[in-house]
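**Student:** Taking my numbering, the leading residue of the sequence shown gets 1, the next gets one more, and so forth. My questions will all concern the structure given below.
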Amino acid sequence: MTEPLKPLRISPEDKDRVRLLYMAKHAKWGGGMHPEDGNHAIYHHEVRQTLEGLGLNLTLGDKYEMLFNAPPVDFVFPLLNRGGFVNSEMLIPLLCNRLRIPYLGAMPFLRGLGDDKSVSKLVARHAGVPTADWFCYRRGAPVLEADLPASPAGRWVIKPNASSASWGISDAFDFAGVANAIANIHGQGHDAIVEPYLDGYDIQCAFITMDDAAVALPMLWYERENTQRLWTYYEKRDLVQNTEKAALKAFEHSDFAPQITAMAKAVAREFTPFDYGRIEFRLDLNSGDINFIEINLNCNLWSEKVMAKAAARAGLSHADLLETLLAESWRRNGLISG
1 MTEPLKPLRI SPEDKDRVRL LYMAKHAKWG GGMHPEDGNH AIYHHEVRQT
51 LEGLGLNLTL GDKYEMLFNA PPVDFVFPLL NRGGFVNSEM LIPLLCNRLR
101 IPYLGAMPFL RGLGDDKSVS KLVARHAGVP TADWFCYRRG APVLEADLPA
151 SPAGRWVIKP NASSASWGIS DAFDFAGVAN AIANIHGQGH DAIVEPYLDG
201 YDIQCAFITM DDAAVALPML WYERENTQRL WTYYEKRDLV QNTEKAALKA
251 FEHSDFAPQI TAMAKAVARE FTPFDYGRIE FRLDLNSGDI NFIEINLNCN
301 LWSEKVMAKA AARAGLSHAD LLETLLAESW RRNGLISG
């Protein structure tokens, strides 16, 4: 059993004094599904409601332009990270740095490092964590079969190198199919990362920062009925019906859980401080192979997703989680005493 975490608290005086700007594409959305972004709009609305429930001195924003000149705020909570252009993950932290306004989450370079799936795999390998071979076909560079990583199963997964929620993912069984998928991704303005398909289960390792250290939350996994099937962006955003039987459960395997925890901590150490994030591994229960897949710094905080579900298993409500994240970041940035 996981020892419950004690949530960090912000005094009523500091809640009133610190002016918080919450920035999200759907920060002003009235609730419910969005025709293009699906449940992401529900997520942004829920975070807003939780922040309002904490009694914070809150301002809402849904445009980058709010940070082109200094707004009357002391701290930014940025969820406006998928801006529809390459490397948008870094824009709000960069704008905040220019204005010397502290913000929740990792600094711009680390946000970009985590967003670049290929380079983050280099970081994992540097940390001594097993990572399957891959190649990033950068837009404008030659697309050569010689660079294709080996795939014992004869199947490759191709996706945008900076995608989220499996946007643009596809698979192929020969180089012609791989090259076509790369061309499609390049045509949309993105680099393409190609990896051998790894059968198995996605192990989710969520972290939050407390007292300047990355603290591991209880590990979760998606127990899937069909591990061979690719999950799509549209399914993850609930824009189409997801017919696969899958459940997000605690992962407490006596042999694999300690191994993966140690690997996740090694990766997290390379990115600290990042306030919160999720590190993902692929585990083949039959062979015992474990491979780092990606790190998602400042990931989805919706109560229905991994971060909040893992926090709940550590005894933190959604409100506890957000207040803890803010309290830690405010202390580290000198806005409150600790």
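We put the CB at the ideal spot given by N, CA and C, even for glycine.
Which residues bound the beta strand (DSSP E) around Ser170?
**Tutor:** 170-172
**Student:** Report the residue from Arg9, Met210, Phe292, Ser317 whose alpha carbon sits nearest the alpha carbon of Ala127.
**Tutor:** Phe292
**Student:** In chain order, what residues of the same chain lie with their CB nearer than 6 Å to the CB of Asp147, ignoring the 5 residues before and after it?
**Tutor:** Phe135
**Student:** Drop a sphere of 10 angstroms on the beta-carbon of Ala264, count the other beta-carbons inside from all chains shown, and report buried for 16 or more, exposed for fewer.
**Tutor:** buried
**Student:** Is the region 302-314 touching the region 193-208 in the sense that three or more CB pairs, one from each, lie closer than 8 Å?
**Tutor:** Two segments are said to touch when three or more pairs of C-beta atoms, one from each, lie closer than 8 Å; by this definition the region 193-208 touches the region 302-314.
**Student:** Do the CB positions of Leu326 and Asp74 come within less than 8 Å of each other?
**Tutor:** no
**Student:** Check whether the region 87-96 touches the region 110-117, taking contact to mean three or more Cβ pairs, one atom from each stretch, closer than 8 Å.
**Tutor:** Touching, yes.
**Student:** Measuring from the CB of His44, is there a heavy atom of the ligand MG at a distance below 7 Å?
**Tutor:** Within the structure as shown, the ligand MG is missing, as the structure has no ligands at all.
**Student:** Which parts of the region 36-93 are runs of the beta strand (DSSP E), unbroken and 3 residues or longer, counting only runs that do not cross its ends?
**Tutor:** As far as the region 36-93 is concerned, its whole beta strand (DSSP E) runs of at least 3 residues are 57-61, 75-78.
**Student:** On the DSSP letters alone, give me the boundaries of the alpha helix (DSSP H) that Trp343 sits inside.
**Tutor:** The shown model of the chain, from 1 to 338, leaves out residue 343, and the question about it has no answer.
**Student:** Among Phe175, Ala268, Ala70, Asn298, which one has its Cα closest to the Cα of Arg19?
**Tutor:** Ala70
**Student:** Determine the direct distance from the alpha carbon of Ile193 to that of Val178, and round the result to whole angstroms.
**Tutor:** 10 Å
**Student:** Closest to Arg138 by C-alpha separation, out of Pro152, Ile42, Asn184, Ala106, would be which residue?
**Tutor:** Asn184
**Student:** Considering only residues of the same chain and omitting the five flanking positions on each side of Leu51, which have a CB-CB separation below 8 Å?
**Tutor:** Leu20, Tyr22, Leu58, Phe77, Leu322
**Student:** Decide if Pro12 is buried, meaning its Cβ has at least 16 other Cβ atoms within 10 Å, or exposed.
**Tutor:** exposed
**Student:** At the level of alpha carbons, what is the spacing between Glu270 and Val123?
**Tutor:** 7 Å
**Student:** Reducing DSSP to helix, strand and coil, say where Val194 ends up.
**Tutor:** strand
**Student:** Out of Ala216, Ser254, Arg282, Glu304, state which residue places its alpha-carbon closest to the alpha-carbon of Asn39.
**Tutor:** Glu304
**Student:** Let's test the definition: count the other Cβ atoms within 10 Å of the Cβ of Gly105 and tell me whether it reaches 16, buried, or not, exposed.
**Tutor:** buried
**Student:** Considering only residues of the same chain and omitting the five flanking positions on each side of Leu99, which have a CB-CB separation below 6 Å?
**Tutor:** Ala70
**Student:** CB Trp156 to CB Tyr197, shorter than 8 Å?
**Tutor:** yes
**Student:** Quick one: residues in its chain with C-beta nearer than 6 Å to the C-beta of Asp133, no 5 flanking neighbours on either side, listed in chain order?
**Tutor:** Cβ within range, chain order: Pro149.
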